[in-house]
Amino acid sequence: MKKLYFSLSVLLLSLTLFAQQHSEQNHTKYVVPSDPKVKEKLNQWQNVKFGLLMHWGTYSQWGIVESWSLCPEDEGWCERRGPYKDNWYEYKKAYENLQDTFNPTQFAPEKWATAAKNAGMKYVVFTTKHHDGFCMFDTKQTDYKITKSPFGSNPRSNVAKEVFGAFRNEGFMIGAYFSKPDWHTNDYWWSYFPPKDRNPSYRPKQYPQKWESFKKFTYNQIEELMTDYGKVDILWLDGGWVRPFSTVDTTISWQKTIPFDQDIDMARIAKRGRELQPGLLVVDRTVSGEFENYVTPEHQIPDSYMDIPWETCMTMGDSWSYIPKENYKSARKLIHILADIVSKNGNLLLNVAPSPEGDFQPEAYQRLNEIGAWIKANGEAIYETHGDNEVGPQGKWVFTHKGNTTYAIYRADEGEAIPQTIEIEKLNLGKTAKITVVGNAENLTWVTKEGKVAVQIPEKLAKKIPNSYAYVLKITK
């Protein structure tokens, strides 16, 4: 097979359009779980705030977008590159033949887990299967899987099991990303009809036996993940066009393109999942209802506080999947994003993509270390807090709450010292309230003036406080 080469200029993805397509949703349709164990797990998840997402598969060898270049749609993120770009059949064959060369010999999930823990992350979501259908676990339902690649002879070839085990040993909540659509199996993209888009290449209602076979395939794979891979806390389902037609919201642009019913019986999947994993959080992304236990805006942060459980999933760089030269966000920006999200009652699920060899790029480790240093000093303002729907945001300030304590987080510009004079509106403090800088026990002088709490930080103390990405005041009422 000829190697495909891709220049950096063609690796940049149309992330804005992709995010818009997958993020639009009417959150007023959220359904509160009724299962007490699910409620308990959801509360645990809301308290941990910060997680790691990893997109990894054979596509990393080409340094291209995950799965989407297989999709015969005229969208920027679906554009094919390389010598086979003008022949979809040849391209698909070459793409699927990547299984024959995938051999990530540097795979060491303990290294990832240690780095994520040091960064302050507390849950992980790993791609067990993306839309291309390549399985990063040893499924019995297909041979299109990691254990049938050159890496299959490695004792750690059942990658998902190894990842889950390594992160579980570090105390992480475990999430299994699973794509509902599968563009490899003949029961979704049936070879009798060439696919026209991301949807099945046939009408499920017209060929019910074919669709039933696909439903069984999907059910069996999820059952395997819930049975043979240790404790799993989250089933994170992607591919929101696979849904009952009755759930399509025609006021949302991308959902208008869903042509027909693709019901895979989520009730049966969730029931079996929770029999095997009591309290399992089911996240049927963008499909509002009882099987979307929390919502997942993609590359977007709500404008204000949301009182339902939610999580922004976002890339550390520009791409969900590995590209050779990634444009990573600065640690300052990532910390500001985390503070903003938590202040609005959400979690941040930050994506880092492993290389074809099985490791993160050095700059990704650097970012994780930098974030971790800030979290170590200021984590009390993040973990086990609830968002703020009363005080902020106020300029660079955002706020979180825990019991009778309010945390005010100042998102500083590069080189900016902590302000020596601070004014915060809407704080209703009693005379015995205390204000300190997190990490310093000295009580600060404050007064209420014209409806604002005015805080003074002595020059001597300000000089002691090292420059930071964000400064945190602890306000105890």
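Position 263 of the sequence shown, counted from 1, bears residue number 262 in numbering that gives the first Met the number 0, the numbering being contiguous throughout. Here a beta-carbon is modelled for each residue, glycine too, at the ideal position from N, C-alpha and C. Computed from a predicted model, the values in this text were never measured in an experiment.
- Message: Using the Cβ count rule (16 or more neighbours within 10 Å means buried), how would you classify E65?
- Response: When all chains shown are included, E65 counts as buried.
- From the DSSP output, in three-state form, read off S178 for me. Annotated three-state conformation of S178 is strand, per DSSP.
- Query: Pairing CB atoms from the region 346 to 356 with CB atoms from the region 436 to 454, are three or more of them under 8 Å?
  - Reply: Too few Cβ pairs lie closer than 8 Å, so no.
- Query: Excluding sequence positions up to five away, which residues of its chain have a Cβ less than 7 Å from the Cβ of T475?
  - Reply: Result list for T475: N403, T404, A432, K433, in chain order.
- Just tell me which of V282, Q393, I336, E274 has its CA closest to the CA of Y468. Nearest of V282, Q393, I336, E274 to Y468, Cα basis: I336.
- Task: For K463, count neighbouring C-beta atoms within 10 Å of its own C-beta (all shown protein chains included) and say buried if the count is 16 or more, exposed if not.
- Result: It is exposed - the Cβ of K463 has fewer than 16 other Cβ atoms within 10 Å.
- How would you call P457, buried or exposed, if buried means at least 16 neighbouring beta carbons within 10 angstroms? The residue is exposed, with fewer than 16 neighbouring Cβ atoms inside 10 Å.
- Item | C-beta atoms of N292 and L275 nearer than 8 Å | Not closer than 8 Å, so no.
- Message: So that I know if they touch, is there some Cβ in chain B lying closer than 8 Å to that of K110?
- Response: In summary, chain B is missing from the structure at hand, where a single protein chain is found.
- Task: Determine the extent of the alpha helix (DSSP H) in which G164 is found, giving its start and end residues.
- Result: Where G164 is concerned, the enclosing alpha helix (DSSP H) starts and stops at 158 to 167.
- Message: Need the endpoints of the alpha helix (DSSP H) that V437 sits in, please.
- Response: No alpha helix (DSSP H) contains V437, which DSSP labels as neither H nor E.
- Close Cβ partners of L41 (< 8 Å) along its chain, the five nearest in sequence each way excluded: Hits under 8 Å: P32, L280, N292, Y293, P308.
- Item | Alpha-carbon to alpha-carbon, L51 and Y470 | The alpha-carbon of Y470 is positioned some 24 Å away from that of L51.
- Query: Which stretch, first to last residue, makes up the alpha helix (DSSP H) that contains K36?
  - Reply: For K36, the uninterrupted alpha helix (DSSP H) run begins and ends at 35 to 47, by DSSP.
- At 3 residues or longer, and completely inside the region 119 to 152: list those beta strand (DSSP E) runs for me, N to C. Counting only runs of at least 3 residues, the region 119 to 152 fully encloses the following beta strand (DSSP E) elements, listed from N- to C-terminal order: 122 to 128.
- Message: Distance check for K425 and W396, CA to CA, integer angstroms please.
- Response: Cα to Cα, W396 sits roughly 13 Å from K425.
- Beta-carbon separation (whole angstroms), F213 vs Y191, contact threshold 8 Å: Going by Cβ atoms, the distance from F213 to Y191 rounds to 14 Å, so no, they are not a contact pair.
- Message: Quick check: the region 113 to 123 against the region 167 to 179, are at least 3 beta-carbon pairs closer than 8 Å?
- Response: Contact holds: three or more Cβ-Cβ distances are below 8 Å.
- Message: As a quick exercise: from H54, L236, K230, D264, pick the residue whose alpha carbon is nearest that of F244.
- Response: Here the closest residue by C-alpha is D264.
- Task: Whole angstroms is fine: what's the gap from Q20's alpha carbon to T127's?
- Result: In this predicted model, Q20 has a pLDDT of only 41, less than 50, meaning its place in the structure is not dependable; the value taken from the coordinates is given anyway. Their backbone Cα atoms lie some 23 Å apart in a straight line.
- Task: Could you have a look at L3 and say whether DSSP puts it in helix, strand or coil?
- Result: In this prediction, L3 has a pLDDT of 38, which is less than 50 and means its spatial position is unreliable; nothing more can be read from the coordinates.
- Query: Leaving out five residues before and five after K144 in sequence, what residues of the same chain have Cβ atoms less than 6 Å from its Cβ?
  - Reply: Around K144: C134, T138.
- Item | Outcome for S329 when other beta-carbon atoms lying within 10 angstroms are tallied against a minimum of 16 | Within 10 angstroms of the beta-carbon of S329 lie fewer than 16 other beta-carbons, which makes it exposed.
- Nearest to E383 by alpha carbon, out of G394, K401, V286? Comparing Cα-Cα distances from E383 to each of G394, K401, V286, the minimum goes to K401.
- Message: Quick check on DSSP: helix, strand or coil for N117?
- Response: Annotated three-state conformation of N117 is helix, per DSSP.
- The beta strand (DSSP E) with Y409 in it runs from where to where? It spans 404 to 410 - the beta strand (DSSP E) in which Y409 sits, taken as one unbroken run.
- Message: Quick check: the Cα distance between F150 and V37, rounded to an integer number of angstroms?
- Response: A direct Cα-to-Cα measurement between F150 and V37 gives close to 37 Å.
- CA nearest to the CA of M315, picked from G278, A376, I370: M315 has its Cα closest to that of I370, out of G278, A376, I370.
- Helix, strand or coil: how does DSSP classify W396 here? Strand, per DSSP.
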